[in-house]
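Numbering (the numbering used here), first residue to last: -15 to 259.
Notes for the one structure printed next.
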């Protein structure tokens, strides 16, 4: 192996010092209470002297503070971390976070691809990659639809905390399409269980005739469902091999958006991710 290759490998090697510093920071953030240096060293499995060096550096940079009681020092994180996170959040725009990938999937399938988020009992479309042609689906950024009648809404609802989902059960809207089914809390919860197991949602001619859609969820850095990405098409087209390709595409794109939002988790059945 050449010297240049060894140098390249060295440049890519992880830094133990950075890894330890991030571990200390994560444990401080995760703890409900302030931690003594001894306790912090124990939960991080980092030598006491090294741990002390890390927290003193964090204190100097404004990311940690301590409270002194007698001979004990109690450490906690500061809101400076919130400032960093806020800067990142402001830079993340769901309408553009994966626009090239939305465009590529729309071109691959010949069908529009959307990103939707949940607002109350409705799904709001916040991004769209359209397809060329005279026929355009009535799905546009800003459009609002009942959450239970779209694959986007179902993909999101399947991963909501129980209390948030409970609040939505009184907002179920009956469909007007030829395949609309009776919608009640019990049947809808059973449907969402299937969505969770599969990793994606399907809606087929329930909201309106001839239109179907498939969608997969994506998650933020805290593991909370943040929205969904979906494909809409004529029911006759979004079937068979094309449906399978659409499912694989939205699951893949949902995972990519989750990654860009800072979420990391093992895939569930169907290829999606969830807390």
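Glycine residues also receive a C-beta, built at the ideal position from the N, C-alpha and C atoms.
Relative to residue 188, the option among 135, 59 and 14 whose CA is nearest is 135. As the crow flies, the alpha-carbon of residue 17 is around 18 Å from that of residue 55.
Three or more beta-carbon pairs separated by less than 8 Å are not found between the segment 203 to 219 and the segment 173 to 182, which leaves the two stretches without contact.
With a beta-carbon spacing of about 18 Å, residue 154 and residue 129 fall beyond the 8 Å limit used to define contacts.
Contact between residue 161 and residue 193 holds, with the beta-carbon distance rounding to 5 Å and staying under 8 Å. A residue is called buried when at least 16 other Cβ atoms come within 10 angstroms of its Cβ; residue 132 meets this threshold and is buried.
Around the beta carbon of residue 68, a 10 Å sphere encloses fewer than 16 other beta carbons of the protein chains shown; the residue is thus reported as exposed. A direct Cα-to-Cα measurement between residue 224 and residue 199 gives close to 16 Å. With a cutoff of 8 Å on beta-carbon distance, residue 57 and residue 20 are scored as near each other. Shown here, residue 135 sits in a helix according to DSSP, grouped into three states.
Scanning its chain for C-beta atoms nearer than 8 Å, with the 5 sequence neighbours on each side dropped, one finds around residue 125 the residues 79, 109, 110, 111 and 112, in chain order.
Going by beta carbons, residue 59 and residue 9 fall outside the 8 Å limit. Under DSSP, the beta-bridge partners assigned to residue 130 are 106.
The shortest C-alpha to C-alpha distance from residue 247 to any of 235, 204 and 230 is the one to 204. Counting along the chain, residue 187 sits inside the beta strand (DSSP E) bounded by residues 185 to 188. DSSP places residue 146 inside the alpha helix (DSSP H), whose first and last residues are 146 to 152.
Excluding sequence positions up to five before and after residue 12, its CB lies within less than 6 Å of the CB of 61, all in the same chain and listed in chain order.
The beta-bridge partner set that DSSP reports for residue 45 is empty. Judged by DSSP secondary structure, residue 61 falls within the beta strand (DSSP E) whose first and last residues are 56 to 61. For residue 231, the uninterrupted alpha helix (DSSP H) run begins and ends at 224 to 244, by DSSP. By the criterion of a C-beta distance shorter than 6 Å, residue 114 is surrounded in its chain by 96, once the five residues flanking it on both sides are discounted.
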